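So the sequences go chain by chain: A and B. Our numbering puts the first residue of the first sequence at 59, with every later residue one more than the last. Our numbering puts the first residue of the second sequence at 59, with every later residue one more than the last. C-beta atoms are modelled at their ideal positions from N, C-alpha and C, and glycine is treated no differently. On a predicted model such as this, the values are computed, not experimentally measured, just so you know.
2 protein chains.
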Amino acid sequence: MSDTKEELMGSAERLFAERGFAGVGIREIARAAGANTAAVNYHFESKENLWLEIMRRRAGPVNAERFRRLGEAKARAGGDPLSLGVITDALIGPVVDVLIDEKGEPDQLSIRLMTRLMVETPMLFREELLEFFAETRDRFAAALAESLPHCNPPEIQARFFYLVSAMTGLVVQAEMLSGANDCLPAKAFREVLLSCVSRTAAAIESPILANVRGQP
Amino acid sequence: MSDTKEELMGSAERLFAERGFAGVGIREIARAAGANTAAVNYHFESKENLWLEIMRRRAGPVNAERFRRLGEAKARAGGDPLSLGVITDALIGPVVDVLIDEKGEPDQLSIRLMTRLMVETPMLFREELLEFFAETRDRFAAALAESLPHCNPPEIQARFFYLVSAMTGLVVQAEMLSGANDCLPAKAFREVLLSCVSRTAAAIESPILANVRGQP
DNA sequence: GTCTATAGTACGATAGAC
DNA sequence: GTCTATCGTACTATAGAC
């Protein structure tokens, strides 16, 4: 990949993270990369495609790590079904790792970029999103079904939905958490996120179907 | 409030829901409302202010219902601390209700609007957001502390963070759930969301601090 | 592979008529 | 309270030189 293309993706990530897809123009992306406006269209064909390339470049390694953890856990388990904790960690753990820098503190760029990617991609590129994550969905739904043999497909789907929604909330609210200096030191950022992963595993253990107030 | 102002807020809600703050121009908002561009600046002073007025109008009743549920539960409990399930329902239940129309099916406009409001407001209007939700934060953090007397402030804060992040994920992913016709009928939409509320209550019951893989 | 130049359109805000 | 008209700026995309 050419230097210019690399630079363009870098400045696009920074700007998209701060202001979202519609909030940034290709002129500004090119200027920040020290390139010309036309270079964006040459390398990416369109602004839409630039967004998708960023999404794939960021989400690809996350999915790879998910599959690595799932495969490793399966190897360790022999033929036994996996625990829900292990499945939850394999799905959400790799995302949490992206939000944390090498010192264990919040990585603001990644937090904001992942937030934008997770919220705006479904609205702008529904088809491409579903295609890109089809394998992840299928493999984790299958793992859940194996670990919950007494659950029918809607129950599996409801639990998978909880996993995805809990992961999404973690990413979106990670920025508020990183900016809250109430009584949480920056060192606790990672601990709190990891505790949320474990809590999510506990949440899908529960066979709950009714709500706490008791309505049907 | 004048008819024109009402119309402008309505069309702004619809357009912001679809394309976000930066994705919509005041010209288009005015056109959709059958008014002139200048009417937006007359009634709201700026596009930013229009967004904030929409946020307050949508979030105000949600907060009111939260306080109502919390107050009702406290009255019912006498002086005893509330269960975590009741606190969770008081905080998240009113948001879930907004996502569902009178037939119990997904309300696409509200789902998308709440998503945009929850994700973009913290990034664009951090100060105003914190001020608007200060009372909610304080009252629910206090209720949690009363119900978890053995927890220190960071532990309370970590649980409160989980509540907020689970709620955020529910809203953001509600759209994907409403569009998934795999094996979930539209009638199940409400059931799944409510089951997520109960699961979240179960999640914050847990005294978990370490993650499932056992690292520090 | 990167540039200049430009086409065609949209942006937010405001001044001033009515 | 709502309009027209307009300022200055920004937008995506493309054609064509180098």
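Residue(s) in a DSSP beta bridge with residue i
| i | result |
| --- | --- |
| I158 of chain A | A:P164 |
Chain A contact residues for residue i, given Cβ-Cβ distances below 9 Å
| i | result |
| --- | --- |
| A91 of chain B | Within 9 Å Cβ-Cβ: nothing; A91 of chain B doesn't reach chain A, min ~20 Å. |
| T173 of chain B | V177, M181 |
Contact set between residue i and chain A, taken where Cβ atoms lie within less than 7 Å
| i | result |
| --- | --- |
| C209 of chain B | Simply none; closest approach about 12 Å. |
| A216 of chain B | V250, S253 |
| G78 of chain B | G78, A80 |
| E233 of chain B | P180 |
Given residue i as reference, the closest of the options once Cα atoms are compared
| i | options | result |
| --- | --- | --- |
| L167 of chain A | A:Y100, A:L73, A:K132, A:E130 | A:L73 |
| A148 of chain B | B:F125, B:A216, B:E163, B:Q215 | B:F125 |
| E263 of chain A | A:G227, A:P243, A:H208 | A:H208 |
| R174 of chain B | B:E71, B:F218, B:G78, B:A238 | B:G78 |
| A97 of chain A | A:D61, A:G129, A:V120 | A:D61 |
| A192 of chain A | B:A238, B:G162, B:N107, B:T258 | B:A238 |
| G118 of chain B | B:A135, B:L187, B:D138 | B:L187 |
| Y100 of chain B | B:A135, B:I84, B:K245 | B:I84 |
| R114 of chain B | B:F190, B:G162, B:K161 | B:F190 |
| F102 of chain A | A:A80, A:A122, A:A70, A:G81 | A:A70 |
| L171 of chain B | B:G68, B:K63, B:M59, B:E64 | B:G68 |
| L251 of chain A | B:L66, B:G143, B:K161, B:P212 | B:P212 |
| E53 of chain B | B:R195, B:T194, B:L157 | With chain B covering 59 to 274 only, the question about residue 53 of chain B has no answer from this structure. |
| V255 of chain B | B:L142, B:E76, B:K63, B:A75 | B:L142 |
| P139 of chain A | A:F198, A:Y220, A:I266, A:A260 | A:F198 |
| A116 of chain A | A:A260, A:I214, A:A75, A:I266 | Going by the sequence as given, residue 116 of chain A is Arg instead of Ala. Considering only alpha carbons, the answer is A:A75. |
| D194 of chain B | B:E185, B:A261, B:K105, B:E123 | Position check: residue 194 of chain B holds Thr in this sequence, whereas Asp was assumed. Closest by alpha carbon: B:E123. |
| N121 of chain B | B:E106, B:D196, B:K105 | B:D196 |
| K245 of chain A | A:G162, A:A259, A:E185 | A:G162 |
| F183 of chain A | A:K105, A:P265, A:I87, A:A88 | A:K105 |
| T146 of chain B | B:L202, B:F247, B:P164 | B:L202 |
| E64 of chain B | B:A260, B:L221, B:I87 | B:I87 |
| P265 of chain B | A:L66, A:A261, A:E160 | A:A261 |
| L235 of chain B | A:V144, A:A200, A:F218 | A:F218 |
| L242 of chain A | A:Q215, A:G136, A:P164 | A:P164 |
| E160 of chain B | B:S253, B:T258, B:R257, B:F247 | B:F247 |
| R127 of chain B | B:V144, B:G137, B:G136 | B:V144 |
Neighbour list for residue i in chain A, Cβ cutoff strictly below 8 Å
| i | result |
| --- | --- |
| M225 of chain B | G227 |
| R257 of chain B | Y220, A261, I262, S264, I266 |
| V230 of chain B | M176, V177, S223, T226, G227, V230 |
Where residue i meets chain B, residues with beta-carbon distance less than 8 Å
| i | result |
| --- | --- |
| T194 of chain A | The contacting residues do not exist; T194 of chain A stays about 13 Å from chain B at best. |
Does the region 150-169 of chain A come within contact of the region 189-208 of chain A, defined as at least 3 CB pairs closer than 8 Å? Remark: fewer than three beta-carbon pairs, one from each stretch, lie closer than 8 Å, so the region 150-169 of chain A and the region 189-208 of chain A are not flagged as touching.
If you pair each beta-carbon of the region 230-244 of chain A with each one of the region 225-236 of chain B, do three or more pairs fall below 8 Å? yes
Sufficient close CB pairs (3 or more, under 8 Å) joining the region 105-116 of chain A to the region 176-194 of chain A: yes
Using 8 Å as the cut-off, can you tell me whether the region 124-139 of chain A makes contact with the region 85-94 of chain A, which would need three or more C-beta pairs spanning the two stretches below that distance? Cβ pair count under 8 Å is below three, so no.
Fully enclosed by the region 168-211 of chain B, which alpha helix (DSSP H) runs are 4 residues long or longer? 184-205
Tell me the start and end of each unbroken beta strand (DSSP E) in the region 212-252 of chain B that is at least 3 residues and wholly inside, in chain order. Runs of the beta strand (DSSP E) lying entirely within the region 212-252 of chain B and spanning at least 3 residues: none are present.
Quick check on the DSSP output: what are the complete alpha helix (DSSP H) runs of length 4 or more inside the region 71-135 of chain A, in order along the chain? Complete alpha helix (DSSP H) runs here, min 4: 84-90, 95-102, 105-135.
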